[in-house]
Amino acid sequence: MYKALLYICLSLLPLYGLAQSPSLEQAGPMEAIAEDANHIISNILCSSQNNTTILLTWKVPGKTPDFFAIERSDNGRSFETVTVLNNVEEKPVYQWTDEAPKKGKSFYRIRYSFEQEKPLYSRTVSFFIAGYVSFKFYPNPVDHILIVRSDTPIDVQITDGNGRTRISEARVQGLHTINVSSLEKGIYLIRFSNKLTNVISQEKLMKN
191 MYKALLYICL SLLPLYGLAQ SPSLEQAGPM EAIAEDANHI ISNILCSSQN NTTILLTWKV
251 PGKTPDFFAI ERSDNGRSFE TVTVLNNVEE KPVYQWTDEA PKKGKSFYRI RYSFEQEKPL
311 YSRTVSFFIA GYVSFKFYPN PVDHILIVRS DTPIDVQITD GNGRTRISEA RVQGLHTINV
371 SSLEKGIYLI RFSNKLTNVI SQEKLMKN
């Protein structure tokens, strides 16, 4: 009996170690982050001065990799390669500019390797380009129930032709329904405000 219990415990040790590994959890099941200090990309940062481009900077304190592959994602899980920097020379700071970033939040990471070894990954960083409101509402015209979908928390306000607020709801996110049965037939203004990005959008709403 004791031998059987010991066998089970020893069998579970590799699984437990894998579940507790922060490096594997951050990079993904088939990806690895360098553990050797000479192979680690450090000080990776995202910045933007004009809200139209994103500057990515990073350092490699040790050995210079064979290449840098810049990868981008809009959800932090599925990445695509946007450029590859070959013939890398030793520099105190490396940089690359995304001239056409997507509106909203983008995630970046750097894939690299040494002497054709397995690829390594930097930690993931993110940046938000304002001017994007990820929401939609329907149906329009509406009878009784208005549906609002939003990726981020937004405030929703419906006003009539006299400027009076008829319906107001705060921090609407995901799939949300608003009962507009109290509104009379006519034209209204529906206003969406994102306090995180200071973006405001206003559209006409038709009530049947």
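When we follow the working numbering, the leftmost residue of the sequence shown carries the number 191, and every step to the right adds one.
C-beta atoms are modelled at their ideal positions from N, C-alpha and C, and glycine is treated no differently.
Buried versus exposed call for residue i [16 or more other C-beta atoms within 10 Å across all chains shown]
i: residue 288; result: buried
i: residue 259; result: buried
i: residue 277; result: exposed
i: residue 284; result: buried
i: residue 274; result: exposed
i: residue 365; result: exposed
i: residue 211; result: Confidence in residue 211 is poor, its pLDDT being 31 and thus under 50, which makes the residue's placement unreliable; the coordinate value appears in the next sentence. Exposed, since its Cβ has fewer than 16 Cβ neighbours within 10 Å.
i: residue 384; result: buried
Cβ shell of residue i (< 8 angstroms), same chain only, five flanking positions each side left out
i: residue 358; result: 345, 346, 347, 348
i: residue 375; result: 397, 398
i: residue 306; result: 256
i: residue 390; result: 381, 382, 383, 384
i: residue 232; result: 248, 249, 250, 251
i: residue 282; result: 249
Beta-carbon gap between residue i and residue j smaller than 8 angstroms
i: residue 295; j: residue 316; result: yes
i: residue 302; j: residue 246; result: no
i: residue 350; j: residue 398; result: no
i: residue 378; j: residue 356; result: yes
i: residue 456; j: residue 236; result: Residue 456 lies beyond the stretch modelled for the chain, which goes from 191 to 398, so this question has no answer here.
i: residue 291; j: residue 335; result: no
i: residue 392; j: residue 381; result: yes
Close-in-space but distant-in-sequence residues of the same chain around residue i (CB under 7 angstroms, 5 per side omitted)
i: residue 326; result: 339
i: residue 304; result: 229, 253, 255, 256
i: residue 371; result: 334
Expected contact under 8 angstroms - CB spacing of residue i and residue j to nearest Å
i: residue 395; j: residue 330; result: 6 angstroms
Neighbourhood of residue i by C-beta, 6 angstroms cutoff - its chain only, sequence neighbours within 5 removed
i: residue 337; result: 328, 367
i: residue 263; result: 269, 297
i: residue 314; result: 297, 299
i: residue 272; result: 260, 262
i: residue 234; result: 248, 312, 315
i: residue 309; result: 301, 303
i: residue 280; result: 254
i: residue 267; result: none
i: residue 361; result: 343
i: residue 286; result: 246, 260
Residue i at chain C interface by Cβ criterion, 8 angstroms
i: residue 366; result: Looking at the structure shown, chain C is missing, and only one protein chain is on hand.
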